[in-house]
Amino acid sequence: MKPTIVMAPPMPAALVARLREHYEVLGPMDHPAPDALPPAAGDARALLTVGGWRTDRALIDALPNLGLIACYGTGIEGVDQGYVKTRGILLSNAADANADAVAEFAMGLMLASVRKIGAGDRFIRAGRWRSNAIERMPIAPGLGGRRLGIYGLGAIGARIAKLATAFGMEIGYHNRSQRSELPYLYQGSLLGLAEWADVLLVAVRASAETRHAVDAGVLRALGPAGHVVNISRGLAIDEQALCDALETGTIAGAGLDVYESEPNVPDRLKALDNAVLTPHIAAMADSAQLAQQDLLLRNLAAFFSGKPLPSGVPL
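My numbering puts the first residue of the sequence shown at 746, with every later residue one more than the last.
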């Protein structure tokens, strides 16, 4: 008999096919609530989910045999971690499996925002390129010699720092704690980091602590030549404050892959020429997806064989 697992949100077809080779896969669910659980879900020992999917006490209690919650991506914010701990349920995520892909995408967003790549594309499509004058568009600053402030120097943030160093950027960061093993400038506060930086790169996990951490004050500190890039979670930035800052020239631009209420993107952001917007696709590289799938399968295999999880999350 194959072990039974529940797949909460839809997962990539290639992953589902691999899962079905080893497990009885139930789901996906229409919404994150007990009434959406498929028949026989009570037998399931593992629940597959993603960080943005609400996995609360009610859903957990509806799965009496649950022993593992396995998150496909790196996010775990939707899981009631305190309750999971009291129930003795294990939690895993994708660790740094997608870090390289997200880091390179972050650099792409940074370039698109600072170097006006999207604006250049629109410039041509609108038929506005009519001469070979040197200043076809307003001159934009380069990345070389500019200061990149990274908010959250975890696996992804550290990879971004390495890539940005190759562009000749100076690196600073704000973290819950200083990483003395890395050669970057530590700033004791997010506000201080924003005051120092030319570009503020948001790479933190979603939590109560990080919700709206990038607020109107931080954006003012970043200044009229500053850019903000977010490849982590939308809730880390106060979207209304960001729209205000972009509309009034408080900051120069933004590159965003994540939003507060996905897939809903504020119309104010869509209307802004100084905002580069993408639909949460930083991790959507084939290499990253294969690595995440492999790690998820290894976590499941370890759990069902009673071995330590390769990427268990401490609770």
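Glycine is no exception: its CB is placed at the ideal position from the N, C-alpha and C atoms.
Keep in mind it's a predicted model, so treat the numbers as computed, not measured.
Write down the C-beta distance between residue i and residue j rounded to the nearest angstrom, noting that I regard them as a contact closer than 8 Å.
i     : j     : result
E915  : R950  : The Cβ separation is near 25 Å, so there is no contact.
V947  : Y1004 : Incorrect: roughly 12 Å between the Cβ atoms, too far for contact.
G772  : M746  : That pair is no contact at about 18 Å.
W798  : G823  : 5 Å
V1058 : I821  : 6 Å
A1027 : I976  : 5 Å
A986  : D960  : 5 Å
A906  : Y929  : 6 Å
A846  : A1030 : 4 Å
A807  : L793  : Going by Cβ atoms, the distance from A807 to L793 rounds to 15 Å, so no, they are not a contact pair.
S1056 : N838  : 6 Å
L1042 : L835  : At roughly 15 Å, the Cβ-Cβ gap does not stay under 8 Å, so L1042 and L835 are not in contact.
A803  : P784  : 18 Å between Cβ atoms; not a contact.
A842  : A1036 : 4 Å
L1040 : A840  : 7 Å
Within the same chain, show all residues whose beta-carbon is closer than 7 Å to that of residue i, passing over the 5 residues directly before and after it, in chain order.
i    : result
W874 : F868 and R881
A970 : D943 and A997
I862 : L856
A848 : I901, R904, I905 and L908
Taking the alpha helix (DSSP H) that residue i falls in, what are its first and last residues?
i     : result
E940  : L935 to W941
L1133 : Given a span of 746 to 1060 for the chain in the structure shown, any question on residue 1133 remains unanswerable.
I805  : R802 to D806
V963  : A961 to L967
M855  : A844 to V859
V761  : A758 to R765
Where does the unbroken beta strand (DSSP E) through residue i begin, and where does it stop?
i     : result
T829  : The sequence given here places Val at residue 829; Thr does not occur at that position. Taken as a continuous stretch (DSSP letters only), V829 belongs to no beta strand (DSSP E), being part of the alpha helix (DSSP H) at Q826 to R832.
E769  : E769 to L771
V973  : H972 to N975
V947  : V944 to V947
M774  : Premise fails: M774 is in no beta strand (DSSP E) and is neither H nor E.
A815  : L813 to C816
T749  : T749 to M752
V1021 : A1020 to L1022
G836  : Note that residue 836 is Leu in the sequence shown, not Gly. Element bounds for L836: L835 to S837.
L792  : A791 to T794
Suppose the cutoff is 8 Å on Cβ atoms and the five residues either side in sequence are ignored; what does the same chain contact list for residue i look like?
i    : result
V974 : A851, L854, M855, S858, V944, L945, L946, V947, A999, G1000 and L1001
G701 : Here the chain comprises residues numbered 746 to 1060, so residue 701 is not present and cannot be evaluated.
T910 : I916
Identify, in the order they occur along the chain, each residue of the same chain with its Cβ nearer than 6 Å to the Cβ of residue i, setting aside the five sequence neighbours on each side.
i     : result
F1048 : L813
D801  : D825
L927  : none
A781  : M774 and D775
L1017 : L991
K1015 : none
A1033 : N843 and A846
Let me check you understand the geometry: is the CB of residue i closer than 7 Å to at least one non-hydrogen atom of the ligand SAH?
i    : result
I884 : In the structure shown, the ligand SAH is absent, as is every other ligand, since no ligand is present at all.
- Query: Which ranges would you report for the beta strand (DSSP E) in the segment 862-932 if only whole runs of at least 3 residues count?
  - Reply: With a minimum length of 3 residues, the continuous beta strand (DSSP E) runs that stay inside the segment 862-932 are 892-896 and 915-919.
- Could you tell me whether the segment 848-857 touches the segment 1020-1037, using the rule of 3 or more Cβ pairs below 8 Å? Contact between the segment 848-857 and the segment 1020-1037 is established, with three or more Cβ pairs separated by less than 8 Å.
- Message: Threshold first: 4 residues or longer. Then list the alpha helix (DSSP H) segments lying entirely within the segment 978-1018, N to C.
- Response: If we require 4 residues or more, the alpha helix (DSSP H) runs fully inside the segment 978-1018 come out as 984-993 and 1012-1015.
- Query: Three or more beta-carbon pairs under 8 Å between the segment 882-891 and the segment 824-833, yes or no?
  - Reply: No: fewer than three Cβ pairs fall under 8 Å.
- Item | contact_flag[the segment 956-967, the segment 928-938] where n(CB pairs < 8 Å) is 3 or more | Short answer: they touch.
- Message: With a threshold of 8 Å, are at least 3 pairs of Cβ atoms found where one atom belongs to the segment 750-765 and the other to the segment 788-806?
- Response: Three or more beta-carbon pairs separated by less than 8 Å link the segment 750-765 to the segment 788-806, which places the two stretches in contact.
- Inter-stretch contact (C-beta, 8 Å, three-pair minimum) for the segment 922-930 and the segment 951-958: Result no; under three Cβ-Cβ pairs closer than 8 Å.
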